[in-house]
């Protein structure tokens, strides 16, 4: 019993934390980017020209904050020797370059908007960037203070500091959802040059730029979530209209996050289910118990079942056009009617939700059965495909949104995702709905009304 309890606790802990892999210790960690892909970004110094580098500077992006996809941030840089770990002690009248004094005789504060350069160390990356955001920074450049061993020929370590073998990762510490500004990490050999220029009281103007892979005139996007994920609910309620407006110019794929029970130790050596009601198929496919109560409420097995149902609905109503209007309708009907402890697995409630979404429940039931069902100790073909997709994607944070196979940073909100999708088209191929609404302050209202301000939307695709 102790062994079984340990498995259950570890499985629940794995899903309830922000990280399923430890970005600080796992050498295979790639973030939420499939096949190691990362957002295409660029870092360049424009002033002084002596620091301009062909192709820009090598850097690493933060896994938090919201990059302005398809845009850039170009501002003057200010360097502070403060660690920015305590919001109450930050002195905006310090740092370099030195500024003129105001009437009080104090140096003028950092003039907004600006990019703030701060040294690595003392607290988490998230804490530094959050505090920089609070004092008006438009972007943050973390100056690495330790050389990478691979750069020993060009990087000079400070006295008493050894080189480090692995790159630092600007990971989210679990509290970065409130951060809206972007941030990069600049390697020591480059950051030292920028700091020297700033400390000599010279102007440094830097550009941070982001784009998405834009291979052609159709964008592919996918959402990794679970039927009990609360964070993605508002997005799933709102985004159908955008999906329909994008039409065949964008292809959506909903992905359901489940666990491989055999890898997680939920199947004993003699073939028994060791994970109680977290799993289906005798321990093969598992999900987190959303209320962390194994004796009552919604079980992990219930979540797996609903995940399979949504996969079947997408197979019948979404794979042809990549829009899946009926899938979005069902998810909304389910959230409205059945998303409670009492009705989550209630067959009549689920049938009502499908009926209101104009979905043929007999086809969906047959799909769930034909794929292998959930009761016997057999493989379910659709759930197996989903496990393979999860392994390939490298998803570690839920919910996770990808556009053209690149993980979208920041909170899962309508305007962020819509703008990212619109940034993913090859130059000159974006549909009219993007050129009209992507930069509109109210992109959702623009799509609904067909115009932003006085500019009318002539066609949606």
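Numbering (the numbering used here), first residue to last: 9 to 469. We put the CB at the ideal spot given by N, CA and C, even for glycine. Every value quoted in this text rests on a predicted model; they were computed, and no experiment measured them.
- request: Return the chain-ordered ranges of every alpha helix (DSSP H) run that is complete within the region 126 to 214 and spans a minimum of 4 residues.
  value: 133 to 142 and 196 to 207
- request: Look at residue 84 and residue 227 and say whether their C-beta atoms are less than 8 Å apart.
  value: By 1-based counting over the chain shown, the position of residue 84 is 76. By 1-based counting over the chain shown, the position of residue 227 is 219. No. Outside cutoff.
query: So, is residue 344 buried or exposed, given that buried needs 16 or more other C-beta atoms within 10 angstroms?
result: Taking the chain shown and counting its residues from 1, the one referred to as residue 344 is at position 336. Counting Cβ neighbours within 10 Å, residue 344 comes out exposed, since fewer than 16 surround it.
- prompt: With 16 other CB atoms within 10 Å as the buried threshold, where does residue 327 fall?
  reply: Translated into positions along the chain shown, residue 327 becomes position 319. It is exposed - the Cβ of residue 327 has fewer than 16 other Cβ atoms within 10 Å.
- request: Would you identify the three-state DSSP class for residue 52, choosing helix, strand or coil?
  value: What you label residue 52 is simply residue 44 of the chain shown in a count that begins at 1. Three-state result, residue 52: strand.
query: Between residue 133 and residue 194, which are expected to be in contact by the criterion C-beta below 8 Å, what is the C-beta distance as a whole number of angstroms?
result: The sequence position of residue 133 within the chain shown is 125, counting from 1. The sequence position of residue 194 within the chain shown is 186, counting from 1. That belief does not hold up - the Cβ atoms of residue 133 and residue 194 are roughly 13 Å apart, past 8 Å.
message: Using a 10 Å radius around the Cβ and a threshold of 16 neighbouring Cβ atoms, would you call residue 149 buried or exposed?
response: On the chain shown, residue 149 is found 141 positions in, with the first residue counted as 1. Result: buried.
message: Taking only three categories from DSSP, how would you classify residue 324?
response: Within the chain shown, the letter at position 316 stands for residue 324. Helix at residue 324.
task: Check whether the Cβ atoms of residue 95 and residue 128 sit closer than 8 Å, and answer yes or no.
output: Looking up residue 95 in the chain shown gives position 87. Looking up residue 128 in the chain shown gives position 120. Not a contact, by the Cβ cut-off of 8 Å.
- request: Give every residue of the same chain whose Cβ lies closer than 6 Å to the Cβ of residue 452, excluding the five residues on either side of it in the sequence, and list them in chain order.
  value: For the purposes of this step, residue 452 is taken as residue 444 along the chain shown, with counting starting at 1. 422.
query: Alpha carbon to alpha carbon, what distance is there between residue 283 and residue 123?
result: In the chain shown, the residue the question calls residue 123 occupies position 115. In the chain shown, the residue the question calls residue 283 occupies position 275. Distance between the alpha carbons of residue 123 and residue 283 is about 50 Å.
Alpha carbon of residue 231 to alpha carbon of residue 184, nearest angstrom: By one-based count along the chain shown, residue 231 stands at place 223. By one-based count along the chain shown, residue 184 stands at place 176. Distance between the alpha carbons of residue 231 and residue 184 is about 20 Å.
Distance between residue 265 and residue 68 (C-alpha atoms, nearest Å): For the purposes of this step, residue 68 is taken as residue 60 along the chain shown, with counting starting at 1. For the purposes of this step, residue 265 is taken as residue 257 along the chain shown, with counting starting at 1. So the alpha carbons of these two residues sit roughly 27 Å apart.
message: Which residue wins for smallest C-alpha separation from residue 257, given the options 76, 430 and 240?
response: For the purposes of this step, residue 257 is taken as residue 249 along the chain shown, with counting starting at 1. Restricting attention to 76, 430 and 240, the CA atom closest to the CA of residue 257 is found in 430.
query: Pick from 203, 455, 347 and 384: whose alpha carbon is nearest that of residue 237?
result: The count along the chain shown starts at 1 and reaches residue 237 at position 229. Looking at the Cα atoms, 347 is the closest of the given residues.
Cα-Cα separation between residue 371 and residue 335, rounded to whole angstroms: As a working mapping, residue 371 is identified with position 363 in the chain shown. As a working mapping, residue 335 is identified with position 327 in the chain shown. The alpha-carbon atoms of residue 371 and residue 335 are separated by roughly 14 Å.
message: Buried or exposed for residue 388, going by 16 or more other Cβ atoms inside 10 Å?
response: Reading the chain shown from its first residue, position 380 is the one you call residue 388. Counting Cβ neighbours within 10 Å, residue 388 comes out buried, since at least 16 surround it.
Residue 98, DSSP secondary structure in three states: Locating residue 98 in the chain shown gives position 90, where the first residue counts as 1. The answer is coil: DSSP assigns residue 98 none of H, G, I, E or B.
- prompt: Does the beta-carbon distance from residue 167 to residue 155 come in below 8 Å?
  reply: Along the chain shown, one-based indexing puts residue 167 at 159. Along the chain shown, one-based indexing puts residue 155 at 147. No, Cβ-Cβ distance for residue 167 and residue 155 is not below 8 Å.
message: On a Cα-Cα basis, can you pick out the residue from 261, 174, 239 and 197 that is closest to residue 413?
response: The residue given as residue 413 occupies position 405 in the chain shown. The residue with the shortest Cα to Cα distance from residue 413 is 261.
Neighbour-count burial assignment, residue 363, 16 or more Cβ in a 10 Å radius: As a first step, residue 363 must be located in the chain shown, where it is residue number 355. It is exposed - the Cβ of residue 363 has fewer than 16 other Cβ atoms within 10 Å.
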